[in-house]
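**Student:**
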Amino acid sequence: MGRVVTVAACALNQWALDFEGNLKRIVRSIGIAKSNGALYRLGPELEICGYGCSDHYYESDTLLHSFQVLAKLLESPATQDIICDVGMPVLHRNVRYNCRVIFLNKKILLIRPKISLANTGNYRELRWFTPWTKARHVEEYFLPRIIQEVTGQETVPFGDAVLATKDTCLGVEICEELWAPNSPHVEMGLDGVEIFANSSGSHHVLRKAHTRVDLVNSATAKNGGIYILANQKGCDGDRLYYDGCAMISMNGETVAQGSQFSLDDVEVLVATLDLEDVRSYRAEISSRNLAASKVNPYPRVKVNFALSSSDDVAVPTCLPIQWRHHSPEEEISLGPACWLWDYLRRSKQAGFLLPLSGGMDSSATACIVYSMCHQVCLAVKNGNADVLADVCRIVNDETYVPEDPREFCKRIFTTCYMASENSSQDTCNRAKLLAEQIGSYHINLNIDAAVKAIVGIFSMVTGRTPLFSVFGGSKRENLALQNVQARVRMVLAYLFAQLTLWTRGMPGGLLVLGSANVDESLRGYLTKYDCSSADINPIGGISKTDLKNFIQYCIENFHLTALRSIMSAPPTAELEPLVDEQVAQTDEVDMGMTYAELSIYGKLRKIAKAGPYSMFCKLINMWKEICTPREVASKVKHFFRMYSVNRHKMTTLTPSYHAENYSPDDNRFDLRPFLYNSTWSWQFRCIDKEVN
1 MGRVVTVAAC
11 ALNQWALDFE
21 GNLKRIVRSI
31 GIAKSNGALY
41 RLGPELEICG
51 YGCSDHYYES
61 DTLLHSFQVL
71 AKLLESPATQ
81 DIICDVGMPV
91 LHRNVRYNCR
101 VIFLNKKILL
111 IRPKISLANT
121 GNYRELRWFT
131 PWTKARHVEE
141 YFLPRIIQEV
151 TGQETVPFGD
161 AVLATKDTCL
171 GVEICEELWA
181 PNSPHVEMGL
191 DGVEIFANSS
201 GSHHVLRKAH
211 TRVDLVNSAT
221 AKNGGIYILA
231 NQKGCDGDRL
241 YYDGCAMISM
251 NGETVAQGSQ
261 FSLDDVEVLV
271 ATLDLEDVRS
281 YRAEISSRNL
291 AASKVNPYPR
301 VKVNFALSSS
311 DDVAVPTCLP
321 IQWRHHSPEE
331 EISLGPACWL
341 WDYLRRSKQA
351 GFLLPLSGGM
361 DSSATACIVY
371 SMCHQVCLAV
381 KNGNADVLAD
391 VCRIVNDETY
401 VPEDPREFCK
411 RIFTTCYMAS
421 ENSSQDTCNR
431 AKLLAEQIGS
441 YHINLNIDAA
451 VKAIVGIFSM
461 VTGRTPLFSV
471 FGGSKRENLA
481 LQNVQARVRM
491 VLAYLFAQLT
501 LWTRGMPGGL
511 LVLGSANVDE
521 SLRGYLTKYD
531 CSSADINPIG
541 GISKTDLKNF
551 IQYCIENFHL
561 TALRSIMSAP
571 PTAELEPLVD
581 EQVAQTDEVD
591 MGMTYAELSI
601 YGKLRKIAKA
611 GPYSMFCKLI
621 NMWKEICTPR
631 EVASKVKHFF
641 RMYSVNRHKM
651 TTLTPSYHAE
661 NYSPDDNRFD
671 LRPFLYNSTW
681 SWQFRCIDKE
691 VN
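Dropping the structure here:
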């Protein structure tokens, strides 16, 4: 009858500018799609060059190598007898576009440029690309010679068009277009397009997956149709983790769900669906049909090919499924772990070193590495040859097979407790016990000799010896003495990262992990160039509140009982002298605010776009049961003073896994000055007027 179609959506772990690896993964995905009976294969956005090329998009090399890869794909036997939809940058009339290139049997059918570019938060597409603004308009694109020699075509259609096969009509959206208020799928659906294909480069944020799923399902709930979403996965060279979640939906319901977090470089999701279900669904929606009768038609590119077979009566089709979402704690356990694995294997280092203080943040970082070891062992157990090959190279043993996460952790993870005279025995014991339970190679050392040597040099030069405030010193002296300890730990962390494996007779070096959370960074409660200065930080985009919940998750799921005492202990930097052998310094007292308050300030500042005055106006209502307006004003002023005084620290913040939309990351997500007038005189006067 010719009504059942089999389509494939791919989640590929592409790497910016890794043209060789990207080509291999694309070809593998096409082979898997064909072996499962698919006749249409959709890949992620800009999959040929990798999404995160940034300013490399300006380079002609990026365009050249993308076309070279496209030529290889066109020539490959794997791409025959299947419609392939790949992403790459294309220069048309000296304007650079983010495009889909759709081809079949060595012929390019259509080059479809992106219409709505992502330009908020982490995205800067308008910096490198121009949106296609000519709705339902197609032009001739003159192919480069390298492609002409393969296809025999001189020109191909370029623009906003749809494909008309023998049995159906297919239209393309690209990532942001699904999120736009005037998504193309609406008009395309009214014009008779039955299959919508969306190639995405969408990154992970805690609690975001359901939004993407809801958008895909709602795209066909009102209008009917089949919606295919492909997405990039993994770390392609920066702070983002692209979280896969390839999916296929029909008539408002999910019929196939891909994984959100996995170590598989190539994942192909295939679904077999009945086009008549789309047609019958649309038939009874009279409002939709009335609108369809007045729609402005899309240019159609005719394709002499069918996605269905004439003998498909007995072919089973997919039924709706219930999407399973991860909890935020599972997301923290899996997302940063996969990001760390990509960074480790692609940086060609031999493991990680973490300054483990016995506090919650560094312990959470250690747990994420332990979770990574779990994921690696599970992937190898499930037959992932790529992961096994990476493991053997990292540990420098071709015969090694990781089976026990603790044993693997011992090989690739070094933890280091750096004690001082201000450290308590409690934190030392907590760090040691956690290291034993996760299996890390643990080092205990004391930094007092180095601290005294540095302070001694200062005293010798100036003739003055700074004192802690408990011994009569000023605030300046007290802070400087704390900073010396913190910075010595950073220097020692890098020394041990470079040479620890050398002392053990093992090759390679270690990546230093940082463990400052998003709230501390926002407040600036860290020493510039201390142990928060590291190579990468898996928790730098995660709030203290979420980390506490994650620690509880690890107690229950990884049976790490050492975390119980860590969770119950008050957070402390342990940089000031002990009082009666007990810690006298705590984070929240030092900061003058709680972590719960910090999280609220962060969301209001970034997500709600609130300056001091607007934040005060919002908080007098939010906190009316617990604070007077004058107390709210005092809290808001204190936060903005501390935030602005410390903003310069964000310019040197360790690259962190992006997990929160209120991240203060200065690299490209949260663009602000780093020299403020920290008196905020006008703004604070407006607050005082409202208080009075």
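Take the UniProt record's numbering: the last position of the sequence shown gets the number 692, and nothing is skipped along the way. C-beta atoms are modelled at their ideal positions from N, C-alpha and C, and glycine is treated no differently.
Determine whether the beta carbon atoms of histidine 210 and aspartate 243 lie at a separation below 8 Å.
**Tutor:** no
**Student:** State the CB to CB distance for the pair cysteine 245 and leucine 560, rounded to an integer number of angstroms; the pair is presumed to be in contact (CB under 8 Å).
**Tutor:** At roughly 28 Å, the Cβ-Cβ gap does not stay under 8 Å, so cysteine 245 and leucine 560 are not in contact.
**Student:** Do the region 466 to 473 and the region 600 to 613 meet, that is, are 3 or more Cβ pairs less than 8 Å apart?
**Tutor:** no
**Student:** Taking one C-beta from the region 441 to 460 and one from the region 382 to 395 each time, how about it: are there three or more such pairs within less than 8 Å?
**Tutor:** Below 8 Å, too few C-beta pairs join the region 441 to 460 and the region 382 to 395 to call them touching: fewer than three.
**Student:** Which of helix, strand or coil does DSSP assign to glutamate 660?
**Tutor:** coil
**Student:** Over the uninterrupted alpha helix (DSSP H) stretch that includes cysteine 367, give me the two end residues.
**Tutor:** 360 to 381
**Student:** How would you label valine 579, buried or exposed, when you count the other beta carbons within 10 angstroms and need 16 or more for buried?
**Tutor:** exposed
**Student:** Buried or exposed: where does glycine 505 fall if 16 or more other Cβ atoms within 10 Å of its Cβ makes it buried?
**Tutor:** With fewer than 16 neighbouring CB atoms inside 10 Å of its own CB, glycine 505 falls in the exposed class.
**Student:** How do the region 159 to 170 and the region 119 to 130 stand: do at least 3 beta-carbon pairs fall below 8 Å, yes or no?
**Tutor:** no
**Student:** For isoleucine 600, which of helix, strand or coil comes out of DSSP?
**Tutor:** helix
**Student:** Find the nearest neighbour of proline 355 within the set Gly508, Leu495 and Gln68, judged by alpha-carbon distance.
**Tutor:** Leu495
**Student:** Alpha carbon to alpha carbon, how far is glutamine 375 from leucine 434? Give it in angstroms, no decimals.
**Tutor:** 19 Å
**Student:** Going by DSSP, what residue range makes up the alpha helix (DSSP H) through isoleucine 321?
**Tutor:** That residue, isoleucine 321, is in no alpha helix (DSSP H); it is neither H nor E in DSSP.
**Student:** What are the residues that DSSP puts in a beta bridge with alanine 118?
**Tutor:** Answer by DSSP bridge pairing: none, since alanine 118 is not bridged.
**Student:** DSSP beta-bridge partners for glycine 87?
**Tutor:** Arg100
**Student:** Can you find at least 3 beta carbon pairs, one from the region 644 to 656 and one from the region 529 to 541, that sit closer than 8 Å?
**Tutor:** yes
**Student:** Could you give the C-beta distance for phenylalanine 352 and valine 369, rounded to a whole number, given that I count them as a contact under 8 Å?
**Tutor:** 6 Å
**Student:** How about the region 245 to 264 and the region 2 to 13: do they share at least three Cβ pairs that are nearer than 8 Å?
**Tutor:** yes
**Student:** Provide the residue span of the beta strand (DSSP E) that contains phenylalanine 129, from first to last.
**Tutor:** No beta strand (DSSP E) contains phenylalanine 129, which DSSP labels as neither H nor E.
**Student:** Let me know the alpha helix (DSSP H) ranges lying completely inside the region 527 to 603, each 4 residues or longer, listed in chain order.
**Tutor:** For the region 527 to 603, whole alpha helix (DSSP H) runs of length 4 or above, ordered along the chain, are 544 to 557, 563 to 568 and 587 to 591.
**Student:** State the DSSP-derived secondary structure class of asparagine 646, mapped to helix, strand or coil.
**Tutor:** helix
**Student:** Would you report the Cα separation of arginine 145 and isoleucine 226, rounded to the nearest angstrom?
**Tutor:** 36 Å
**Student:** Quick check: the Cα distance between asparagine 304 and threonine 165, rounded to an integer number of angstroms?
**Tutor:** When rounded, the distance between both Cα atoms is 6 Å.
**Student:** As an exercise, report each continuous alpha helix (DSSP H) stretch of at least 4 residues that is fully enclosed by the region 174 to 226, in chain order.
**Tutor:** 176 to 179, 184 to 190 and 209 to 221
**Student:** Would you say the region 220 to 239 touches the region 41 to 51, given that touching needs at least three Cβ pairs under 8 Å?
**Tutor:** yes
**Student:** Threshold first: 3 residues or longer. Then list the beta strand (DSSP E) segments lying entirely within the region 423 to 502, N to C.
**Tutor:** 441 to 446
**Student:** Assuming leucine 334 and serine 363 make a contact with CB atoms under 8 Å, what is their CB distance in whole Å?
**Tutor:** About 18 Å separates the two Cβ atoms, so there is no contact after all.
**Student:** Would you kindly work out how many angstroms separate the C-alpha atoms of asparagine 478 and valine 451, rounded to a whole number?
**Tutor:** 14 Å
**Student:** Evaluate the contact criterion for the region 584 to 594 versus the region 397 to 411: three or more CB pairs, one atom per stretch, below 8 Å.
**Tutor:** no
**Student:** Can you check DSSP and say which residues form a bridge with isoleucine 108?
**Tutor:** Phe103
**Student:** Would you identify the three-state DSSP class for glycine 52, choosing helix, strand or coil?
**Tutor:** The answer is helix: DSSP assigns glycine 52 an H, G or I state.
**Student:** My guess is that arginine 523 and methionine 642 are in contact by the Cβ rule of under 8 Å, so how many angstroms apart are they, rounded?
**Tutor:** 6 Å
**Student:** How long is the line joining the alpha carbons of glycine 541 and serine 280, rounded to whole angstroms?
**Tutor:** So the alpha carbons of these two residues sit roughly 46 Å apart.
**Student:** Based on Cα-Cα distance, which residue from Phe19, Arg25 and Tyr57 lies nearest to valine 69?
**Tutor:** Phe19
**Student:** Note down the Cα distance separating tyrosine 441 from leucine 499, rounded to an integer number of angstroms.
**Tutor:** Straight-line spacing of the CA atoms in tyrosine 441 and leucine 499 works out to 14 Å.
**Student:** Under 8 Å between the Cβ atoms of serine 116 and glutamate 176?
**Tutor:** yes
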